[in-house]
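Enquirer: Next up is a structure, given as structure tokens.
Numbering (my numbering), first residue to last: 121 to 232.
Structural data, given as structure tokens:
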């Protein structure tokens with residue numbers, strides 16, 4: 121059984137704070153099952169955007185897995201914002217979190 125989105129977001133924000141990164145909730149989505157997107161900003165003009173992993177990549181444990189939403193390791197923050205804007209038009213119930221970390225750590229479970 122998967123953890124509710126609001127609980128997962130709360131735990132993620134605490135984890136980032138514990139690791140010394142700044143993380144903020146930019147958009148609140150559906151409490152129970154909203155899709156979660158995370159923008160990681162390195163504060164040097166580079167960003168990464170992560171979203172829910174494809175269904176084919178999910179494990180049986182029900183953990184939330186994420187995938188990078190672009191081919192390059194890092195993109196311009198404006199490009200990440202444009203991708204988020206498109207996602208909001210597709211799914212208005214999504215969550216958006218933003219993490220600022222100079223090392224570029226996402227603190228997410230990523231698919232290979």
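The beta carbon of each residue, even a glycine, is placed where N, CA and C say it ideally should be.
Roughly how many whole angstroms lie between the Cα atoms of residue 175 and residue 157?
Expert: Cα to Cα, the separation comes out at about 15 Å.
Enquirer: Quick check: what's the CA-CA separation for residue 162 versus residue 133?
Expert: Distance between the alpha carbons of residue 162 and residue 133: 17 Å.
Enquirer: Spatial neighbours of residue 131 within its chain, please: CB distance less than 6 Å, with the 5 preceding and 5 following residues excluded, ordered by chain position.
Expert: Correct list: empty, nothing qualifies.
Enquirer: I need the DSSP call for residue 197, collapsed to helix, strand or coil.
Expert: Residue 197: helix per DSSP, three-state reduction.
Enquirer: When the distance is taken between beta carbons, is residue 213 closer than 8 Å to residue 186?
Expert: It is not a contact, given that the beta carbons lie outside the stated cut-off.
Enquirer: Tell me the DSSP secondary structure of residue 188 in three-state form.
Expert: Correct three-state label for residue 188: strand.
Enquirer: In whole angstroms, what is the alpha-carbon distance linking residue 146 and residue 171?
Expert: Those two C-alpha atoms are separated by around 15 Å.
Enquirer: My guess is that residue 124 and residue 215 are in contact by the Cβ rule of under 8 Å, so how many angstroms apart are they, rounded?
Expert: Actually they do not touch by this definition, with Cβ atoms about 11 Å apart.
Enquirer: Where residue 168 and residue 136 are concerned, what is the direct C-alpha to C-alpha distance, given to the nearest angstrom?
Expert: Cα to Cα, residue 168 sits roughly 16 Å from residue 136.
Enquirer: Do you know how far the Cα of residue 197 is from the Cα of residue 190?
Expert: Their Cα atoms are separated by approximately 12 Å.
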